[in-house]
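Report on the structure given below.
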Amino acid sequence: MKHKLKYASISAAAVLMLAACGTAGEEADNNDTQMEQEESADQNQGAENADTETGKEETTDENVDEEDAQDVTDQEEERGPERELAYQSDSSQQTGQATLTESDEMDYSIYVLDGYQLTSEEPNKDVLYWNEDEQVFMRIETFGSDTDLKTLTEQMISSLEYDGGKAADVSGEYSLEKSSGIEDLVIRQLKTEEGLSTGAVFTKDGMTVRLTVFDKPETDQTDALLSMGATIDKK
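Sequential numbering from 11 applies to the sequence shown in our numbering.
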């Protein structure tokens, strides 16, 4: 009887151990499966995030490329072979077609309205004159960026006032003041019995520019000439 009880006890213990092992094995298998699923999910999420970031970078690069291309296009349009210029004459707003023209002697180009002509006067000086009256014209001088702007401005004013009189500040009367790229602008004007003399000094695109306009009250071409002068840029 004792042997039977001992055998039964041993058998029961064996069954319990097998059951425990089986449960532990299942738990281990379940844990391994759960870990594999979590790792797979993490990998998938990482791949999705990487794809999203790549997509963002590609989109950003495309936007930058499009903006750069647009900037180049805008620049090409601004310095195209022709453009329309607006100016004041006879107390009204006028517009006219202008052609991009390069100076023969100096390193600049300018948009010239129909009815005007650009020619070289002497070294470092060009003249833009009105075909209807060659006494109406603008002298153009360009200098390097290292030019003494103050001295050049004083020379411009002294030239206007050479025969007497006081040159007035007329910066707000002409469209040159509102033109793109114009900096350090000074405009002076002197009215005499002979006509109207206007001088302007400004910097643009690494150049220092001096303009001198000779006009008559009845022709009123000063703003047209200065508007063309505002388009001066390096070749």
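The C-beta atom is built at its ideal place from N, Cα and C for all residues, glycine as well.
Contacts around residue i, its chain only, beta-carbon distance under 8 Å, and the 5 residues preceding and following it disregarded
| i | result |
| --- | --- |
| Ser185 | Ala96, Tyr97, Gln98, Asp233, Leu236, Ser237, Ala240 |
| Met166 | Val196, Arg198, Gly209, Ala210, Val211, Arg220, Thr222 |
| Ser169 | Gly209, Thr222 |
| Asp143 | Lys226, Thr229 |
| Thr163 | Val196, Val211 |
Residues that DSSP places opposite residue i in a beta bridge
| i | result |
| --- | --- |
| Ala96 | Thr105 |
| Gly209 | Arg198, Thr222 |
| Met217 | Gly154, Lys214 |
| Glu3 | Missing from the structure shown is residue 3; the chain here goes from 11 to 245 and no further. |
| Asp243 | Ser119 |
Spatial neighbours of residue i in its chain, beta-carbon cut-off 6 Å, leaving aside the 5 residues before and after
| i | result |
| --- | --- |
| Thr129 | Val137 |
| Gln231 | Trp140, Val146, Asp225 |
| Phe153 | Thr218 |
| Glu115 | Ser130 |
Cβ-Cβ separation, residue j to residue i (assumed contact under 8 Å), whole Å
| i | j | result |
| --- | --- | --- |
| Tyr126 | Tyr139 | 7 Å |
| Glu216 | Lys244 | Glu is not the amino acid found at residue 216; the sequence shown has Gly there. With a Cβ gap of about 7 Å, Gly216 and Lys244 count as contacting. |
| Pro91 | Thr109 | 7 Å |
| Glu112 | Asn134 | Incorrect: roughly 15 Å between the Cβ atoms, too far for contact. |
| Glu171 | Arg149 | Between Arg149 and Glu171 the Cβ distance is about 17 Å, and since that is not below 8 Å, they are no contact. |
| Gly175 | Thr202 | 7 Å |
Same chain, Cβ closer than 7 Å to residue i, neighbours up to 5 away in sequence not counted
| i | result |
| --- | --- |
| Asn141 | Gly125, Tyr126, Gln127 |
| Ile192 | Leu186, Phe212, Lys214, Ala240 |
What residue ranges within the stretch 114 to 197 form continuous alpha helix (DSSP H) runs of no fewer than 4 residues, ordered along the chain?
159 to 170
Hey, is the stretch 170 to 182 in contact with the stretch 198 to 206, meaning 3+ C-beta pairs nearer than 8 Å?
yes
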